[in-house]
Amino acid sequence: MPQNCCNPHAVSRAARKKILFVDPHVVTRESRPLLLSESGYAVDWARSVAEARSRWTPDAYNLVLIDVNDDAYTGVLLCQEMKERHPQQVVGFITEDGFRLPPRFVPNGLISRSESPGNFLTAVKVLLAEL
Numbered sequence: 008m009p010q011n012c013c014n015p016h017a018v019s020r021a022a023r024k025k026i027l028f029v030d031p032h033v034v035t036r037e038s039r040p041l042l043l044s045e046s047g048y049a050v051d052w053a054r055s056v057a058e059a060r061s062r063w064t065p066d067a068y069n070l071v072l073i074d075v076n077d078d079a080y081t082g083v084l085l086c087q088e089m090k091e092r093h094p095q096q097v098v099g100f101i102t103e104d105g106f107r108l109p110p111r112f113v114p115n116g117l118i119s120r121s122e123s124p125g126n127f128l129t130a131v132k133v134l135l136a137e138l
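Residue numbers (our numbering): 8 to 138.
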């Protein structure tokens with residue numbers, strides 16, 4: 008596990024957090040989970056909503072990040088299913104700027120696909136209530 012030279016407690020605190028990353032895009036599926044792993048988080052990758060649905064169980068993940076750009080409808084459905092089964096599940100959507108959600112539906116947060124690595128990591132920490 009990588010060490011954080013400036014704050015050794017950040018890695019140990021993050022290591023207890025588990026993230027399910029749902030993204031069909033090879034580039035982001037490889038780079039963003041790698042960034043999260045290097046920051047001390049345990050990350051499971053799912054290439055589709057169907058794969059995420061088969062991996063997810065209540066209390067298994069502290070955060071579920073879903074890229075909703077290619078198939079927003081199934082991403083929204085997955086989030087609704089998770090929230091119905093486990094209302095405390097924290098879910099974040101990775102979206103293009105200007106993404107519109109269905110009325111009365113709000114995940115815990117939206118993260119722009121264009122965010123820099125540092126801003127992406129900060130947004131994840133906010134969702135996990137670490138900041």
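Note that CB positions come from ideal geometry on N, CA and C, so glycine has one too.
Computed from a predicted structure; not experimentally measured.
Assigned secondary structure, residue i (DSSP; H/G/I helix, E/B strand, else coil)
{"i": "S46", "result": "coil"}
{"i": "T129", "result": "helix"}
{"i": "A59", "result": "helix"}
{"i": "S121", "result": "coil"}
{"i": "L108", "result": "coil"}
With 16 other Cβ atoms within 10 Å as the buried cut-off, status of residue i
{"i": "S142", "result": "As displayed, the chain neither begins before 8 nor continues past 138, which places residue 142 out of reach and without an answer."}
{"i": "D30", "result": "buried"}
{"i": "A130", "result": "buried"}
{"i": "D104", "result": "exposed"}
{"i": "Q96", "result": "buried"}
{"i": "L84", "result": "exposed"}
Residue i - partner residues in DSSP beta bridges
{"i": "D74", "result": "I101"}
{"i": "G82", "result": "DSSP output for G82 lists no bridge partner at all."}
{"i": "D51", "result": "L27"}
Close beta carbons around residue i, own chain, < 6 Å, minus the five adjacent residues each side
{"i": "V50", "result": "I26, F28, P40, L43 and S44"}
{"i": "V71", "result": "L27 and V98"}
{"i": "P9", "result": "Note on P9: pLDDT 38, under 50, position unreliable in the model; no value is reported."}
{"i": "H93", "result": "P65"}
{"i": "G73", "result": "Inspection of the sequence shows that residue 73 is occupied by Ile rather than by Gly. Only V29, G82 and F100 meet the Cβ criterion."}
Sequence-distant residues of the same chain with beta carbon closer than 8 Å to residue i, five excluded per side
{"i": "P15", "result": "Because P15 sits at a pLDDT of 46, beneath the cut-off of 50, its placement in the model cannot be relied upon, and the following sentence gives the value as read from the coordinates. Excluding sequence neighbours, P15 sits near nothing in its chain."}
{"i": "F106", "result": "V75, N76, A79, F100 and L117"}
{"i": "Q87", "result": "F112"}
Cβ-based neighbour list, residue i, same chain, cut-off 7 Å, excluding 5 preceding and 5 following
{"i": "N126", "result": "none"}
{"i": "P114", "result": "C86, V98, G99 and F100"}
Residue i beta carbon near the ligand SAM (any heavy atom closer than 8 Å)
{"i": "L43", "result": "Among the ligands in the structure shown, none appear at all, so the ligand SAM cannot be discussed."}
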